Amino acid sequence: MRVAQIGSGTPEIAVVAGVHGDEPCGVRAVERLLDERPTVERPVKLIVANEKALERRVRFVDEDLNRAFPGDPDAKTHEGQLANRLVEELEGCLTFSMHSTQSHAEPFAIVNGVSETAEEIVPQLPVTAMVETSNFAEGRLFSEIDTIEVECGMQGSETAAQNADRLTRAFLTAVGALPGDAMRRDLPVFRLTDVIRKQEADTYEVFVDNFTEVEAGESFAAADGDEQIADESFYPVLMSSNGYRDVFGYAAEKLDVLTAPPAAD
1 MRVAQIGSGT
11 PEIAVVAGVH
21 GDEPCGVRAV
31 ERLLDERPTV
41 ERPVKLIVAN
51 EKALERRVRF
61 VDEDLNRAFP
71 GDPDAKTHEG
81 QLANRLVEEL
91 EGCLTFSMHS
101 TQSHAEPFAI
111 VNGVSETAEE
121 IVPQLPVTAM
131 VETSNFAEGR
141 LFSEIDTIEV
151 ECGMQGSETA
161 AQNADRLTRA
171 FLTAVGALPG
181 DAMRRDLPVF
191 RLTDVIRKQE
201 ADTYEVFVDN
211 FTEVEAGESF
221 AAADGDEQIA
231 DESFYPVLMS
241 SNGYRDVFGY
251 AAEKLDVLTA
261 PPAAD
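Residue 163 in this note's numbering sits at position 163 of the sequence shown, with consecutive numbering throughout.
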């Protein structure tokens, strides 16, 4: 784990990259901040988390770090020990954690509950949606640390790396670490309600778009040509044919749309 800081004092803000070793986009954003050393109005802690997995270009070494929290200093896995160290390092920090996906190109945020902090900060980020995932938070970083996660784009893409940089700077502006005003935007809010599992098969297909409502009775995916039909309407999130080994993605409900204040005349 690499830990650095820009600005002087005790940080109450942190940026985390490289939780998964096959998602390098956030590492680029952290490295650029360290290269440029911008003048900040609040100190910021910068962490590249799973360096061993990043070096091997694998998602994890022994277990998924973002399912291993709070961890244990005596854990038998690399990620179990690392999770414990990361929680200690992030104590007292509002944390911004960057990821990427195989299912959706546009950035979106993931939170463990729609808190006042989330309602204030996330609409200032260049994201298309906010996803509340408290039903599936066990073992994730935000089960232990006040965290806003972002999916920056398609895994391994240059666009995801560019998005990670934009998102990080927007977050640091929103929390008053970087000077300037972030633009607030209307933001739909979803809550994950269920896992959409897939049977073992040779080929998988997905027929729907993430964050676009699937009506009851609509075919939304198939395994070896065997179509899955929606029993009730839902919004797909993180749906892809091969993003996860045993699930297509998640079903969600739409909670709200956070509206931006009208522009002043």
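Cβ coordinates follow ideal geometry from the N, Cα and C atoms, glycine included. Small disclaimer: the values here were computed from a predicted structure and weren't measured.
- Distance from residue 4 to residue 54 at the Cβ level is roughly 15 angstroms; contact not present, criterion being Cβ atoms closer than 8 angstroms.
- By the Cβ criterion, the region 153 to 172 is in contact with the region 16 to 27, since at least three pairs of Cβ atoms, one from each stretch, lie closer than 8 angstroms.
- The shortest CA-to-CA distance from residue 233 to any of 21, 216, 183, 80 is the one to 216.
- Contact between residue 20 and residue 60 holds: CB atoms are separated by about 7 angstroms, below the 8 angstroms threshold.
- Under the 8 angstroms Cβ criterion, the region 169 to 186 does not count as touching the region 135 to 143, having fewer than three qualifying pairs.
- Beta-bridge pairing by DSSP links residue 228 to 221.
- Between residue 107 and residue 163, the C-beta gap is smaller than 8 angstroms, which places the two residues in contact.
- Beta-bridge partners assigned by DSSP to residue 194: 251.
- The DSSP assignment places 51 to 56, 78 to 90, 116 to 121 as complete runs of the alpha helix (DSSP H) inside the region 50 to 125, in order along the chain (cut-off: 4 residues).
- Under the three-state reduction of DSSP output, residue 17 falls in the strand class.
- Pairing residue 242 with residue 203, the inter-Cα distance amounts to about 9 angstroms.
- Note that the region 171 to 184 does not touch the region 217 to 237; fewer than 3 beta-carbon pairs, one per stretch, sit closer than 8 angstroms.
- With a contact defined as Cβ atoms closer than 8 angstroms, residue 43 and residue 8 qualify at about 6 angstroms.
- Looking at the backbone, the Cα of residue 206 and that of residue 225 are separated by about 11 angstroms.
- In the three-state reduction of the DSSP assignment, residue 32 falls in the helix class, which pools H, G and I.
- In this structure, the CA atom of residue 181 is about 37 angstroms from the CA atom of residue 79.
- If you compare the alpha carbons of 200, 258, 208 with that of residue 244, the shortest gap goes to 200.
- Taking a 10 Å sphere around the C-beta of residue 261, we find fewer than 16 other C-beta atoms and assign the residue as exposed.
- In this structure, residue 148 lies near residue 121, with their beta-carbon atoms less than 8 angstroms apart.
- Distance from the CA of residue 211 to the CA of residue 235, rounded to the nearest whole angstrom, comes to 5 angstroms.
- Contact annotation: residue 251 and residue 196 have beta-carbon atoms nearer than 8 angstroms.
- In this structure residue 257 touches residue 187 by the C-beta definition: roughly 7 angstroms separates them, less than 8 angstroms.
- Between residue 189 and residue 239, the beta carbon gap of about 18 angstroms keeps them out of contact (Cβ cut-off 8 angstroms).
- If you check the CB distance, residue 95 and residue 40 do not come in under 8 angstroms.
- Rounded to whole angstroms, the separation of the alpha carbons of residue 83 and residue 65 is 7 angstroms.
- According to the DSSP assignment, residue 162 belongs to the alpha helix (DSSP H) that extends over 158 to 174.
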